[in-house]
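> Here it is: the structure, laid out below.
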Ligand code: C2E
Ligand code: MG
Ligand code: MG
Ligand code: MG
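Residue numbers (the working numbering): 20 to 311.
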């Protein structure tokens, strides 16, 4: 084998690689096992209409519930899932589970709402996302018009032609499409114009420092105006304060998500928000104060 050649350079390379590669392989193996053992969960974060305070949707956010380590954030394992190919089966599980849950709530007579599912770059371009969504919808009975797929702006910017092809196939199925983390992906406006999407989601990085950052306020209001000029709805991510909510409302932003309303919740807890919606109650108080 390579070792018998006695190359020091190889040994050095080998030693250097083992640590990172071993950790990666271990995480990848644990990830596959976690999926098989049913340790994955979807949490749901409300999407709220800024004008009425009413619940309009839920974003499904993946959690890995490890018996030893507790909740593991998707930021830690989605990149490994992406580069190892685990994203294929994992993404299928997410789509199936989100559609099953959405249909369960409908069966319980709870108000209808959109379920938004995140789709990452490799999942979008290298797996059969069209087949996976068709199957998830058929098997669950959840209607296509209530399923929204979120694709990051950077994924669309990476391979715009391929992305356009896939987006069109998804659109033919009757799904809704959203561009996630908008403002961070350097997509050209020329491409953006051609993407058949319904919603722009302003990245939380532009919301966080409102009202202290004049730049971020300018960027956010420009994205709202741009989205509306293109006939799209605009949602602000990561809204945590009343000041941010009021600013976005004044700028005519359509919807928001964020801790100001709720953190992502397990399905059982999210059902309480659906009960509130059924009772006709707003999720948050949206009345502007006298000063506005
Ligand atoms: P994202 O889709 O942009 O989701 C928004 C993230 O912001 C979520 O983090 C959410 O919990 C968090 N967030 C929501 N409101 C607030 C707020 O008011 N303040 C702050 N500081 N954070 C807030 P999370 O759940 O850790 O997910 C991180 C990313 O992982 C997601 O970003 C998404 O890109 C990816 N992801 C999550 N679930 C899935 C999945 O099922 N499939 C794929 N491919 N990616 C996923
Ligand atoms: Mg998202
Ligand atoms: Mg986002
Ligand atoms: Mg993000």
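The beta-carbon is built from N, C-alpha and C at its ideal position, and this holds for glycine as well. For clarity, every value in this text was computed on a predicted model and none was experimentally measured.
Using a 10 Å radius around the Cβ and a threshold of 16 neighbouring Cβ atoms, would you call residue 199 buried or exposed?
Mapped onto the chain shown, residue 199 falls at position 180. Around the beta carbon of residue 199, a 10 Å sphere encloses 16 or more other beta carbons of the protein chains shown; the residue is thus reported as buried.
> So if I measure from each beta-carbon to every heavy atom of ligand 2 and keep distances below 7 Å, which residues remain?
Those residues having their beta-carbon less than 7 Å away from any non-hydrogen atom of ligand 2 are, in chain order, 78, 135, 137, 169, 199 and 220.
> May I have the straight-line CA-CA distance separating residue 176 from residue 207, to the nearest angstrom?
For the purposes of this step, residue 176 is identified with residue 157 of the chain shown, where counting begins at 1. For the purposes of this step, residue 207 is identified with residue 188 of the chain shown, where counting begins at 1. In a straight line, the C-alpha of residue 176 is about 8 Å away from that of residue 207.
> In the DSSP assignment, find the beta strand (DSSP E) that holds residue 104 and state where it starts and stops.
By one-based count along the chain shown, residue 104 stands at place 85. That residue, residue 104, is in no beta strand (DSSP E); it is neither H nor E in DSSP.
> Would you list the residues sitting across from residue 66 in a DSSP beta bridge?
Start at 1 with the first residue of the chain shown, and residue 66 comes out as number 47. Its beta-bridge partners are 76.
> Ignoring anything shorter than 3 residues or poking outside the stretch 168-211, list the beta strand (DSSP E) runs there in chain order.
Whole beta strand (DSSP E) segments, 3+ residues: 195-201.
> Is the stretch 185-204 touching the stretch 89-102, taking contact as three or more C-beta pairs under 8 Å?
no
> Between the beta-carbon of residue 280 and the beta-carbon of residue 93, is there less than 7 Å?
Counted from its first residue, the chain shown places residue 280 at position 261. Counted from its first residue, the chain shown places residue 93 at position 74. Contact flag unset, no.
> In the DSSP assignment, the beta strand (DSSP E) including residue 133 goes from what residue to what residue?
Position 114 of the chain shown holds residue 133. Its beta strand (DSSP E) spans residues 133-138.
> I want to check one thing, is the minimum distance from the CB of residue 94 to the heavy atoms of ligand 1 below 6 Å?
Looking up residue 94 in the chain shown gives position 75. Indeed, a heavy atom of ligand 1 lies less than 6 Å from the Cβ.
> What is the DSSP secondary structure of residue 275, counted as helix, strand or coil?
Translated into the one-based positions of the chain shown, residue 275 becomes position 256. Residue 275: strand per DSSP, three-state reduction.
> What do you reckon, is the C-beta of residue 259 under 6 Å from a heavy atom of ligand 1?
Position 240 of the chain shown, counted from the start, is the residue given in the question as residue 259. Flag set: Cβ of residue 259 near ligand 1.
> Indicate the three-state DSSP secondary structure (helix, strand or coil) for residue 295 in the structure shown.
As a working note, residue 295 is residue 276 in the chain shown. Looking at residue 295 - three-state DSSP - the assignment turns out to be helix.
> Identify which residue in 71, 290 and 58 has its Cα closest to the Cα of residue 268.
Position 249 of the chain shown, counting from 1, holds the residue named residue 268. Closest by alpha carbon: 71.
> Under a Cβ-count criterion, where at least 16 other Cβ atoms within 10 Å of its own Cβ denotes burial, should residue 73 be classed as buried or exposed?
For the purposes of this step, residue 73 is taken as the residue at position 54 of the chain shown. Burial is judged here by how many other beta carbons sit within 10 angstroms of a residue's own beta carbon; residue 73 has at least 16 and is buried.
> What is the rounded straight-line gap between the Cα of residue 47 and the Cα of residue 80?
As a working note, residue 47 is residue 28 in the chain shown. As a working note, residue 80 is residue 61 in the chain shown. Computed Cα separation, rounded: 20 Å.
> Going by beta carbon distance, what residues of the same chain come within less than 7 Å of residue 160, once the five residues before and after it are set aside?
Start at 1 with the first residue of the chain shown, and residue 160 comes out as number 141. So the list reads 122, once near-sequence residues are dropped.
> Might you give, ordered along the chain, the residues of its own chain that have their beta carbon closer than 7 Å to the beta carbon of residue 238, omitting 5 neighbours on each side?
Position 219 of the chain shown, counted from the start, is the residue given in the question as residue 238. Hits under 7 Å: 202 and 225.
> Among all the DSSP beta bridges, which residues are the ones paired with residue 322?
This structure does not reach residue 322, given that the chain is present from 20 up to 311, and the question cannot be answered.
> In angstroms with no decimal places, state the Cα-to-Cα distance between residue 21 and residue 184.
Within the chain shown, numbered from 1, the residue matching residue 21 stands at position 2. Within the chain shown, numbered from 1, the residue matching residue 184 stands at position 165. Its pLDDT being 42, under 50, residue 21 is placed unreliably by the model, and the measurement read from it follows with that caveat. Rounded to the nearest angstrom, the two C-alpha atoms are 45 Å apart.
> What do you reckon, are the CB atoms on residue 194 and residue 166 nearer than 7 Å?
Residue mapping note: residue 194 aligns to position 175 of the chain shown, counting from 1. Residue mapping note: residue 166 aligns to position 147 of the chain shown, counting from 1. Yes. Within cutoff.
> Return the Cβ separation of residue 264 and residue 275 in integer angstroms, given the expectation that the two are a contact with Cβ distance under 8 Å.
Indexing the chain shown from 1 puts residue 264 at position 245. Indexing the chain shown from 1 puts residue 275 at position 256. That pair is a contact at about 7 Å.
> Going along the chain, which residues of its own chain have a beta-carbon closer than 6 Å to the beta-carbon of residue 277, five neighbours each way excluded?
Counting from 1 along the chain shown, the entry for residue 277 is found at position 258. If we look at residue 277 and ignore the five residues flanking it on each side, its Cβ neighbours are 257, 258 and 259.
> Enumerate in chain order the residues of its own chain whose CB-to-CB distance from residue 151 is below 6 Å, with the five nearest sequence positions on each side excluded.
For the purposes of this step, residue 151 is taken as the residue at position 132 of the chain shown. Once the five neighbours on either side are set aside, the close Cβ partners of residue 151 are 111 and 114.
> Beta carbon of residue 105, beta carbon of residue 50: below 7 Å?
Here residue 105 is taken as the residue at index 86 of the chain shown, counted from 1. Here residue 50 is taken as the residue at index 31 of the chain shown, counted from 1. Result yes, Cβ atoms of residue 105 and residue 50 sit closer than 7 Å.
> Taking buried to mean at least 16 other C-beta atoms within 10 Å of its own C-beta, is residue 25 buried or exposed?
Taking the first residue of the chain shown as 1, we reach residue 25 at position 6. Bear in mind that a pLDDT of 48 at residue 25, under 50, signals an unreliable position, so the model cannot answer this.
> Rounded to a whole number of angstroms, what is the C-alpha to C-alpha distance between residue 302 and residue 296?
One-based indexing of the chain shown puts residue 302 at position 283. One-based indexing of the chain shown puts residue 296 at position 277. About 7 Å.
> Any heavy atom of ligand 1 within a distance shorter than 6 Å of the CB on residue 113?
As a position in the chain shown, residue 113 is number 94, starting the count at 1. At least one heavy atom of ligand 1 is nearer than 6 Å to the Cβ of residue 113, so yes.
> Under a three-way DSSP split, which group does residue 99 fall into?
Within the chain shown, residue 99 is the residue found at index 80, counting from 1. Reduced to three states, the DSSP call for residue 99 is helix.
> Can you tell me where the beta strand (DSSP E) holding residue 218 begins and where it ends?
Here the question's residue 218 lines up with position 199 in the chain shown. Per DSSP, residue 218 belongs to the beta strand (DSSP E) from 218-221.
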